[in-house]
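Residue numbers (mature numbering (1 follows the signal peptide of the UniProt record, and there is no 0)): -19 to -1, 1 to 406. What follows is a set of notes on a single structure, which appears directly below.
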């Protein structure tokens, strides 16, 4: 009892000493006001998007049988329901199958298995406002040893689904051959260019990020008119992880603790954050485990395999934009040409400005405990998911150290910035 009282006294005295200090200190904040827009009290989301009418759509990867649905819409500030209905999400018991004694994700192309990312494109003269849904086809299930394991995907499972926000129905589904999306691929994010001139199919093109830490990360490019797909920068050094990267979160050096114990590990995620320039002719990209921002002409990504040396030309035309100030994950560009990057090491969002060739801080806030991803909406706000990933089971020996609620924060963009629109004309 005396020891407890002594510690309390010391704590109080330390508080007084801190309050009375004349030293300059870090208050952990920077930038415009950050609002708490939505709270998650159930599942931890991996993606979100905000429509022109203000609806918040969210997605959750399937893990350990705890996710009744993988795509949802917020119905108030603290709750989400399945979208467009529970029927589109494959039942939890059916998200994986066993082939020759080995578990794989479902090959069902008609339902959603494990959604990783969302993106919304505005209405055009031949396409409704559309929610694009990226399904990895790789759920996390309970393995034979009782621990959680992410199963491999198979054709039909990984897919890009287009949902009309005018009538809340699916109007297109794109799947991929095994030579384009590998069993160990992980489809992490998507960006779209809907110009009719983008590719011969005249319906535009989708750029999908393969961030696999097991195989070969890179880009998957999809012709939305023909359904044809191909890979670019496949396993190129610029999209590969930087081995031995030691990140620092909340002031602590971070190493992954494998399930079941064993030696510590480093994050192995490759190609991650991507964003298009306003003219859609440049793709900016970066790995989670590296400190460099890269760029490649989208013309090189759009070039098909029937063009000789298409892959080599893409690799040759990658350029380094420069250091970005730390590890980053999700990114997105705005109408002013700024490239925003989430910086989980700093509880912040930075941006790269092509006009002065420098990286700047946009916002920093102690509530931003692993922000990922960010989404720029037509209302001029940036919406940021807060998911506490460095405390998740897959990085902490199977122990879930996260604390609910998760959240969506939002902040107004500077200089009347808003969502890019050139990809819709």
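From the three backbone atoms N, C-alpha and C, an ideal C-beta is built for every residue, glycine too. In this text the structure is predicted, and so the values were computed from the model without any measurement.
With at least 16 other beta carbons inside 10 angstroms of its own, residue 388 counts as buried.
Taking 8 Å as the upper bound for CB-CB distance, residue 161 and residue 212 are in contact here, some 6 Å apart.
With contacts defined by Cβ atoms closer than 8 Å, residue 254 and residue 267 form a contacting pair. Under the three-state reduction of DSSP, residue 294 is assigned to helix.
Apart from the 5 residues on each side of it in sequence, residue 193 sits with its Cβ closer than 6 Å to the Cβ of 165, 166 and 167 in its chain, given in chain order. Inclusion of residue 64 and residue 38 in the CB contact set at 8 Å is warranted, their separation being smaller than that value.
In this structure residue 397 is exposed. Its beta-carbon is surrounded by fewer than 16 other beta-carbon atoms within 10 angstroms. By the beta-carbon neighbour count (other beta carbons within 10 angstroms, threshold 16), residue 236 is exposed. The straight-line gap separating the alpha-carbon atoms of residue 225 and residue 246 is approximately 8 Å. Straight-line measurement puts the Cα of residue 391 at about 7 Å from the Cα of residue 17. The secondary-structure analysis by DSSP pairs residue 304 across a beta bridge with 273. A direct Cα-Cα distance of roughly 42 Å separates residue 163 from residue 13. Runs of the beta strand (DSSP E) lying entirely within the segment 206 to 292, each at least 3 residues long, are 210 to 213, 228 to 230, 233 to 235, 252 to 257, 263 to 268 and 273 to 278 in chain order.
Here residue 187 is near residue 205, since their CB atoms are less than 8 Å apart.
Listed as beta-bridge partners of residue 133 by DSSP are 85. Assigned with DSSP and collapsed to three states, residue 67 falls in helix.
In terms of Cβ geometry, residue 15 and residue 323 do not form a close pair [threshold 8 Å]. Scanning its chain for C-beta atoms nearer than 7 Å, with the 5 sequence neighbours on each side dropped, one finds around residue 19 the residues 37, 55, 58, 388 and 389, in chain order. For residue 109, the CB contacts under 7 Å within the same chain, skipping 5 residues up- and downstream, are 145, 146 and 147 in chain order.
In the DSSP assignment, residue 17 falls within the beta strand (DSSP E) that extends over 16 to 21. The shortest C-alpha to C-alpha distance from residue 44 to any of 74, 32, 330 and 68 is the one to 74. A distance below 8 Å separates the beta carbons of residue 355 and residue 311. Going by DSSP, residue 123 is part of the beta strand (DSSP E) stretching over 121 to 123. Using a C-beta cut-off of 8 Å, the segment 287 to 305 makes no contact with the segment 225 to 234, since fewer than three inter-stretch Cβ pairs fall below that distance.
The Cβ-Cβ distance between residue 94 and residue 138 falls below 8 Å.
For a cut-off of 8 Å, the C-beta gap from residue 24 to residue 2 is around 42 Å, too long to register as a contact.
Sixteen is the threshold: since fewer than 16 other Cβ atoms of the shown chains lie within 10 Å of the Cβ of residue 304, the residue is exposed. Buried is the label assigned to residue 282, since at least 16 other Cβ atoms lie within 10 Å of its Cβ.
Under the criterion of beta carbons closer than 8 Å, residue 96 and residue 115 qualify as touching, at roughly 7 Å. Within the same chain, 98, 100, 113, 115, 141, 187, 188, 189 and 190 come within 8 Å of residue 171 by CB-CB distance, once the 5 residues on both sides are set aside. Counting C-beta atoms within 10 angstroms of its own C-beta, residue 240 has 16 or more neighbours from the protein chains shown and is therefore classed as buried. With 16 or more neighbouring CB atoms inside 10 Å of its own CB, residue 87 falls in the buried class. Membership of residue 391 in the beta strand (DSSP E) is indicated by the continuous run 387 to 393. With contacts defined by Cβ atoms closer than 8 Å, residue 136 and residue 159 form a contacting pair. Beta-bridge pairing by DSSP links residue 370 to no other residue. DSSP, read as helix, strand or coil, puts residue 169 in strand.
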